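Enquirer: For the sequence shown, position 126 matches number 126 in the UniProt record's numbering, and the numbering has no gaps at all.
Cβ coordinates follow ideal geometry from the N, Cα and C atoms, glycine included.
Please read all numbers here as calculations on a predicted model, not as lab measurements.
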Amino acid sequence: MPRQVDHELRRRQIAQAVWRLAARGGLEGVTLRQVAAEAEVSARLLQYYFGTRDQLLLGALELLNTDAERRARERLEALGEEPSARALVRGVLLELLPLDEERRNRHVVHAAYFVRFLVEPALAAVARNSPPALENLVAGLIVRGQRLGEVPESVDAPAEAAFLVAGAEGLQTGVLLGQRAPERAVALLDRQLDRVFSGPGPRA
Numbered sequence: 001m002p003r004q005v006d007h008e009l010r011r012r013q014i015a016q017a018v019w020r021l022a023a024r025g026g027l028e029g030v031t032l033r034q035v036a037a038e039a040e041v042s043a044r045l046l047q048y049y050f051g052t053r054d055q056l057l058l059g060a061l062e063l064l065n066t067d068a069e070r071r072a073r074e075r076l077e078a079l080g081e082e083p084s085a086r087a088l089v090r091g092v093l094l095e096l097l098p099l100d101e102e103r104r105n106r107h108v109v110h111a112a113y114f115v116r117f118l119v120e121p122a123l124a125a126v127a128r129n130s131p132p133a134l135e136n137l138v139a140g141l142i143v144r145g146q147r148l149g150e151v152p153e154s155v156d157a158p159a160e161a162a163f164l165v166a167g168a169e170g171l172q173t174g175v176l177l178g179q180r181a182p183e184r185a186v187a188l189l190d191r192q193l194d195r196v197f198s199g200p201g202p203r204a
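#1: How would you label Q179, buried or exposed, when you count the other beta carbons within 10 angstroms and need 16 or more for buried?
#2: Given F117, which residues of its chain have a CB within under 7 angstroms of its CB, disregarding the five upstream and five downstream residues?
#3: Would you kindly work out how many angstroms separate the C-alpha atoms of H110 and D67, rounded to a whole number?
#4: Which stretch, first to last residue, makes up the alpha helix (DSSP H) that contains Q146?
#5: Return the chain-ordered list of same chain residues with a C-beta closer than 7 angstroms to the C-beta of V108, the five sequence neighbours on each side being excluded.
#6: Could you round the C-beta distance between L96 and Q172 to whole angstroms and report it? I think they count as a contact, below 8 angstroms.
#7: Please report how far the alpha carbon of A162 lies from the alpha carbon of E135, in whole angstroms.
#8: Could you check if L88 is buried or exposed, using at least 16 other CB atoms within 10 Å of its CB as the buried criterion?
#9: How would you call V18, buried or exposed, if buried means at least 16 neighbouring beta carbons within 10 angstroms?
#10: Three or more C-beta pairs closer than 8 angstroms, one from the segment 5–16 and one from the segment 43–61: is that the case here?
#11: Can you say whether Q55 is buried or exposed, counting buried as having 16 or more other CB atoms within 10 angstroms of its CB?
#12: Is the beta carbon of Q146 sitting closer than 9 angstroms to the one on V155?
#13: Going by the CB atoms, is the gap between V92 and L27 shorter than 9 angstroms?
#14: Any idea what DSSP makes of V155, helix, strand or coil?
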């Protein structure tokens with residue numbers, strides 16, 4: 001068991017090096033040698049854990065997303081035992097906004113990956129073919145809101161979920177660039193949630 005823990009820690013050490021390089025200057029020119037130097041490991045050890053450069057970038061992204069999901073679950077659990085569907089959707093969407101240092105750093109790294117995906121067909125294919133998990137989650141919560149009377153039955157849950165996620169991602173970019181204050185982004189998000197969750201049911 002201790003050896004397995006050490007392997008996981010080593011993978012995380014290397015992934016964190018990728019994140020730091022991405023946050024400082026993007027991923028366009030990042031090499032295995034640079035990552036190894038940043039992580040203070042040998043290039044051979046890096047390849048042992050991640051293989052090729054593309055596998056390294058995707059593996060580091062997977063760990064970043066795993067951390068993000070864990071933090072999101074913690075924040076959603078803090079909403080209480082029976083939060084409303086609206087509160088859950090709001091909590092999910094707020095994870096897309098850089099409202100604190102942890103989320104800001106994560107989204108800067110994600111932005112670096114986005115640019116990389118635009119110019120790397122192999123990486124872009126992985127992102128393009130992945131299921132829209134976040135949209136599906138939000139759509140499911142909107143359907144739950146319909147059952148609880150929070151959302152009118154006429155609302156198209158998948159379409160609204162796609163719109164809300166896309167809107168939150170757009171607000172994320174504006175906040176990262178300093179074009180919009182975080183508080184204003186949250187207010188705009190709440191306005192859209194009020195539009196969707198306009199039923200007579202719970203609104204907390």
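Expert: According to the structure data:
#1: exposed
#2: L123, A124 and A127
#3: 13 angstroms
#4: A133 to R147
#5: A23 and L176
#6: 5 angstroms
#7: 6 angstroms
#8: buried
#9: Under a 10 Å Cβ-count criterion, V18 is classified as buried, with 16 or more other Cβ atoms of the shown protein chains found around its own Cβ.
#10: yes
#11: exposed
#12: Cβ distance < 9 angstroms, so Q146 and V155 count as in contact.
#13: Their beta carbons are not under 9 angstroms apart, which means L27 does not touch V92 by this criterion.
#14: coil
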